[in-house]
Each structure stands twice: as C-alpha cells, then as structure tokens.
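K.L.:
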Amino acid sequence: MTVRTRFAPSPTGPLHIGGVRTALFNYLYSRHHGGDFLLRIEDTDRERSTDVATQGIIDSLDWLDLARDEPPVFQSQRIGRHAEVARELLAAGRAYYCYCTPEELAAEREQARAEKRVWRYDGRWRDRDPSEAPPGVTPAIRLKSEREGETTLEDLVQGTVRVANIELDDMIILRSDGSPMYNHSVVVDDHDMAITHVIRGDDHLTNTFRQIQVYKAMGWPMPRFAHIPLIHGADGAKLSKRHGAQFALEFREQGFLPEALCNYLMRLGWSHGDLEIVGREEAIRLFDIIDVNRGASRMDYAKLLNLNGIYIRQADDDRLTRDVLHRLAHRPDLALGSHVAARIRALMPALKERAKTIVELSDSAAFLARTAPLPMEPKAAAALTAEAKLMLRDVATDLALTDFSVPSIDAALRAFAERSGLKLGQVAQPLRAALTGSTVSPGIDATLSALGREESLARIVAAAGSGQSATGATSD
RNA sequence: GUCCCGUUCGUCUAGAGGCCCAGGACAGUGCCCUCUCACGGCACCAACAGGGUUUCGAAUCCCCUACGGGACGCCA
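Residue numbers 0 to 475, in numbering that gives the first Met the number 0, belong to the letters of the first sequence in order.
1. The beta strand (DSSP E) spanning G158 covers which residue range?
2. Going by CA-CA distance only, name the one from V2, A340, A387, I194 that's closest to A368.
3. Counting only the same chain and skipping the five closest in sequence on each side, list residues whose C-beta sits under 7 Å from that of G466.
4. Per the contact definition of three or more C-beta pairs closer than 8 Å, is the segment 172-188 in contact with the segment 72-87?
5. Which residue comes first and which comes last in the beta strand (DSSP E) that contains T150?
6. Would you list the one or two residues that DSSP bridges to C97?
7. Would you report the Cα separation of H329 and I198, rounded to the nearest angstrom?
8. Exposed or buried, which one is R30 when buried takes at least 16 other CB atoms within 10 Å?
9. In whole angstroms, what separates the C-alpha of A411 from that of T401?
10. State yes or no: is the C-beta of L335 within less than 9 Å of the C-beta of P13?
11. Leaving aside the five residues before and after R45 along the sequence, list all residues of the same chain whose C-beta is less than 8 Å from its C-beta, in chain order.
12. What three-state label does DSSP hand F6 in the structure shown?
13. If I measure Cβ to Cβ from R5 and keep anything under 6 Å in the same chain, skipping five residues before and after, which residues do I get?
14. In three-state DSSP terms, what is R146?
15. Which value, in whole angstroms, describes the spacing of the CA atoms of A139 and D126?
16. Assuming the contact rule is C-beta atoms closer than 8 Å, D168 and R119 should be a hit. Round their C-beta distance to whole Å, please.
17. Where M180 and I309 are concerned, what is the direct C-alpha to C-alpha distance, given to the nearest angstrom?
18. Could you name the residues of the same chain whose beta carbon sits closer than 6 Å to that of K355, not counting the 5 residues immediately before and after it, in chain order?
19. Given S468, which residues of its chain have a CB within under 6 Å of its CB, disregarding the five upstream and five downstream residues?
20. Figure out for me which residue from V156, R353, P374 has the closest Cα to the Cα of R312.
21. Which class does P179 belong to by DSSP, given the choice of helix, strand or coil?
22. Identify, in the order they occur along the chain, each residue of the same chain with its Cβ nearer than 8 Å to the Cβ of W62, setting aside the five sequence neighbours on each side.
23. For H203 and D154, which I take to be in contact (beta-carbon distance under 8 Å), what is that distance rounded to the nearest angstrom?
24. If L142 sits next to Q212, beta carbons under 8 Å apart, how far is it from one beta carbon to the other, in whole angstroms?
25. Mark L238 as exposed unless 16 or more other C-beta atoms lie within 10 angstroms of its C-beta, in which case mark it buried.
26. Given A416, which residues of its chain have a CB within under 8 Å of its CB, disregarding the five upstream and five downstream residues?
27. Would you mind giving the Cβ-Cβ distance between H231 and R297, rounded to the nearest angstrom? I have them listed as a contact below 8 Å.
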C-alpha cells in the first residue's frame with residue numbers, strides 16, 4: 000500500500016510556521032516512502048475562509064518547494080458526501096437526531112462552567128423516539144459514541160495514549176443546517192482520499208479520539224496517526240506577532256531562503272545524531288517520523304539566521320544575483336542596467352560570504368548600482384582625510400596601469416603601500432570609502448575589479464577631488 | 001476545573017542502565033587569521049526540574065510533586 004499523507008490547513012489566514020513544519024513533515028514522510036503528498040483546503044467555515052488565504056497557502060508551499068502529487072481538494076465541495084455518510088450512520092443506528100437547541104446547550108455549558116463542573120452532552124436524545132421531538136426544531140445528528148471501556152491510540156510520535164470513553168460525549172457530526180462538523184468531515188475526507196498517515200499538530204490529539212469513533216462506526220480502516228509538537232515563541236508561549244516573523248511569506252520577505260527555513264524547521268523537534276545541515280535530498284533519505292520529539296520547541300531566530308547565512312554561502316551565484324536584482328529594482332535611489340548586473344554577479348562570491356539574509360545581501364550590493372558622487376556614510380567620510388585624498392590620487396595612477404584583474408590589483412596595491420611606507424589598511428580603507436561610500440565591503444581588490452577600471456577611477460577621482468582645498472589645516 | 005502530553009546548557013538537541021564528573025549546534029565571551037566586515041580556526045562559559053524508589057551502578061526504569069503546554073463548540 001502506498002503511503003499517502005496530506006496537509007490540511009484551513010484558509011483563515013497566512014500559512015503559519017507551525018503549519019509549514021507540519022506540511023514539511025508530511026511531505027518528507029511521503030517522499031521517504033515513495034508515496035504521495037496531498038493538499039486539502041479545509042474551507043467549510045465560510046465565515047472565516049478566504050480565497051486570498053487559500054492562494055497564500057499555495058504560494059507558500061510553492062515557495063518552499065513542497066510539491067503536491069494531486070490537485071488540492073476543497074473540503075467545501077464535499078459537504079454533500081459528508082452529509083451522505085452522516086445519513087448512513089443514522090440508518091445504521093450509529094447516529095441519532097438530537098433536538099436540543101444550540102441556545103439550550105450553550106446555557107447548560109455556561110452554567111456548568113459557573114459551577115466549575117465539567118460539562119458533557121448527556122446523550123438525552125440517544126435512545127429517545129423522534130416522535131417525542133419538540134415541534135419546530137430541526138435536529139442535528141450526533142454520533143453514538145462508545146460509553147464504556149477506553150479508546151487507545153498508537154501514535155507514531157506520542158506513543159500509546161489512552162482515553163476512557165466516558166470522557167467522550169456524543170459529538171455532532173451534522174449540524175441542524177445540514178453542514179458537517181470538522182471531526183466528521185476530516186474522517187470522511189481522509190478515508191475517501193485514501194490517506195494512510197495523518198501527521199498533524201498535537202493540538203489535534205484529543206480530536207483523534209472522537210475521529211476514531213467515526214472510523215469504527217463506519218467500519219473503515221484507520222490511518223496511522225502522528226501528532227507532532229507545536230512551535231512556541233522564545234518565551235515558551237504561543238508564537239505571536241511580538242516574537243517576530245511567523246508566516247512563511249514573511250520569512251521570504253525578510254530575505255530567508257526556503258531551503259534554510261526548511262532545514263531549520265526540520266531540526267526543530269527532529270534530529271539525526273549531531274547532523275545540523277540537511278538538504279532536501281538527505282532529509283528525504285533520513286526522515287522518519289519516530290525520530291520526532293514529543294515536547295514543544297521554541298523558535299530561535301538567531302539559529303535560523305545562522306543557517307540562512309550558511310545556505311546563502313552555498314547558493315548559486317546566478318540565482319543570488321537574480322534575487323538581489325529583483326530587490327534592488329524597487330529602490331528609487333539606484334539605477335540598474337546590464338553593467339550593474341554584471342558587477343553584482345562578479346562580486347557575488349565575495350558578497351554572499353558576508354550576508355545572512357537576501358536583504359543584507361542586496362544592501363551590500365547597492366553601491367554597485369550607484370554613480371559618483373556616492374552618498375557617504377559618516378565613518379566613510381571621516382576616512383577620507385586630506386592626506387588620504389592625496390594618497391588616492393597617487394594610487395589611482397598605479398591602478399590605471401593594471402589590467403584590473405584581482406591579482407594585478409592586489410599586487411599593485413601592495414607595491415604602492417610598500418613604496419609609500421603605508422600599511423595596506425591605510426591604502427585600502429580610504430579606497431573602500433571612495434568606492435563604496437562605506438567602511439565595509441568585500442576585499443578591496445575584488446571590489447575594484449568588479450566595479451571595473453572606468454567606474455573605479457571615476458569614483459576615486461570624485462572622492463579625492465571633493466576636498467581639494469585641504470592644505471593640512473583641516474579641523475577636527 | 002476535567003482529560004491528555006511534556007520537562008538535558010539561554011535556545012535546538014545527542015543520549016534507549018555502565019562508553020556521560022553528559023556530546024554537538026546556535027547565541028555569548030576571548031584569542032588567531034586579516035585591508036574593513038564577514039568566513040574560517042582555537043578556547044572559554046553553560047544543563048540531566050525537585051524528591052523518593054529499583055539496581056553493584058540511573059540523565060536513562062518506576063512513583064510522587066512542581067512547572068510548562070494542549071484539548072474540552074451546532075469553530076477548524
């Protein structure tokens with residue numbers, strides 16, 4: 000039997016990072032076993048479900064490269080089938096009409112809570128004849144749950160979990176308006192979709208016991224269940240806005256690579272010895288659901304950032320150049336052209352060594368898309384002393400004689416420094432300021448080479464010329 | 001409140017009775033490399049929630065307590 004897993008989010012908002020991990024585990028599990036990974040949109044709550052959210056979920060999964068094997072199933076299109084199963088249950092005597100009104104039940108629940116009692120539906124219509132039904136009330140359909148013994152769940156992550164059946168009341172499977180309830184439709188859909196492994200957040204653990212009752216009542220084979228722990232914020236509380244990014248596409252916006260996010264999320268609650276860096280192929284090969292921990296784990300943005308840096312360094316230079324160009328295109332202060340793309344591509348091996356996000360990478364490449372005179376950071380301006388400016392004119396002469404390859408630039412700079420009795424840093428820092436407007440950049444030789452002869456010399460001249468009047472009487 | 005689950009360095013984790021006076025990674029600190037910043041290298045800091053059992057021996061088995069989390073809808 001082929002393994003079939005599914006990710007079943009409700010489209011009520013952007014895809015949360017916990018959902019991403021659930022999707023990832025489902026994906027990895029099915030791939031590991033050569034099975035199928037499916038998507039089901041649980042949009043039966045018409046009030047809260049939106050098309051925008053649905054599209055957001057699909058975009059998120061696409062970005063993360065969690066490919067589905069079949070078109071998405073929309074639960075809202077299956078409510079007829081859910082009702083049909085409910086009627087089957089009714090006909091088989093495994094379910095019954097309940098004529099309690101929502102108001103009546105809500106009041107009871109409220110009262111029980113006020114008295115600090117546990118409230119459960121008492122099954123008052125379970126064995127009553129429908130002829131006793133009060134007039135004018137359209138009934139809901141409730142499942143006849145087992146009332147004795149206990150239900151045991153052999154969870155792939157949580158182990159053996161038992162609940163006394165007395166804890167479970169007769170849940171509603173079909174509302175009085177004919178629409179299905181979650182715990183019912185999930186079972187019908189999972190069955191019809193031939194799902195073999197249900198991997199989901201452990202907030203669903205207690206639902207499972209109710210769902211098992213439906214499987215039993217229908218005589219359907221049960222899938223295996225795996226309830227994975229939730230992700231919390233740094234303070235151990237539920238992940239929320241103040242903890243930082245929490246939605247998949249937010250991470251994309253903040254410059255994270257999908258493979259870094261996947262690697263991070265996979266290692267959260269799962270491990271394979273001391274292994275930290277796990278690419279997609281290896282993840283598929285190594286992933287097993289029984290290696291997933293039971294306890295909730297906390298989101299550590301610092302570690303994700305570190306991982307992102309590692310993935311950026313490993314990433315293909317052309318791809319990173321495209322990403323950077325895409326981001327820089329939105330900046331009104333820059334002028335992009337093919338020569339800029341070439342410069343960024345040329346310097347990319349050095350740039351990516353220094354960035355932890357695509358945002359940082361883009362910022363660090365921005366100077367390549369400017370034209371002289373450059374805006375100067377205060378520290379860079381300070382590096383351009385009168386003395387330095389004079390030195391720049393001289394070094395420009397030497398540089399002009401090179402072929403602007405990295406080795407020849409390096410050789411020229413070292414020779415110049417030695418001849419002038421300067422340390423390399425005393426030459427490189429003013430040059431860096433002149434070329435980038437900053438005190439931080441890749442190696443000065445690579446920076447010069449990427450910028451090219453013409454642009455480099457123009458920037459040096461611009462920087463050296465602006466303080467021409469300096470005669471040694473400069474203040475501060 | 002009831003039911004269920006969990007608890008190893010700040011964080012993610014290794015650990016399936018002796019290999020552990022607890023290992024790795026991130027973060028932090030210091031040093032080295034060095035034209036800046038990174039990268040890289042080296043080192044330091046730092047944990048078995050508490051108590052009680054079993055055992056020759058427990059982070060590992062069992063029990064209790066504390067703390068944390070989840071679920072208790074005609075929501076999903």
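Just so you know, even glycine gets a beta-carbon here, dropped at the ideal spot from N, CA and C.
P.N.:
Per the coordinate set shown:
1. 158-163
2. A340
3. Caution is warranted here: a pLDDT of 46 is assigned to G466, below 50, making its placement in the model unreliable, and the coordinate value is therefore given only provisionally. L383, A385, K388.
4. yes
5. 149-154
6. A139
7. 40 Å
8. buried
9. 7 Å
10. no
11. S75
12. strand
13. L37, R39, I194
14. coil
15. 15 Å
16. 4 Å
17. 45 Å
18. L304, N307, G308
19. Summary for S468: the model assigns pLDDT 40, below 50, so the residue's position carries little reliability, and this model does not support an answer.
20. R353
21. strand
22. A247, L248, R251, P257
23. Between D154 and H203 the Cβ distance is about 11 Å, and since that is not below 8 Å, they are no contact.
24. 6 Å
25. buried
26. K422, L423, Q425, V426
27. 5 Å
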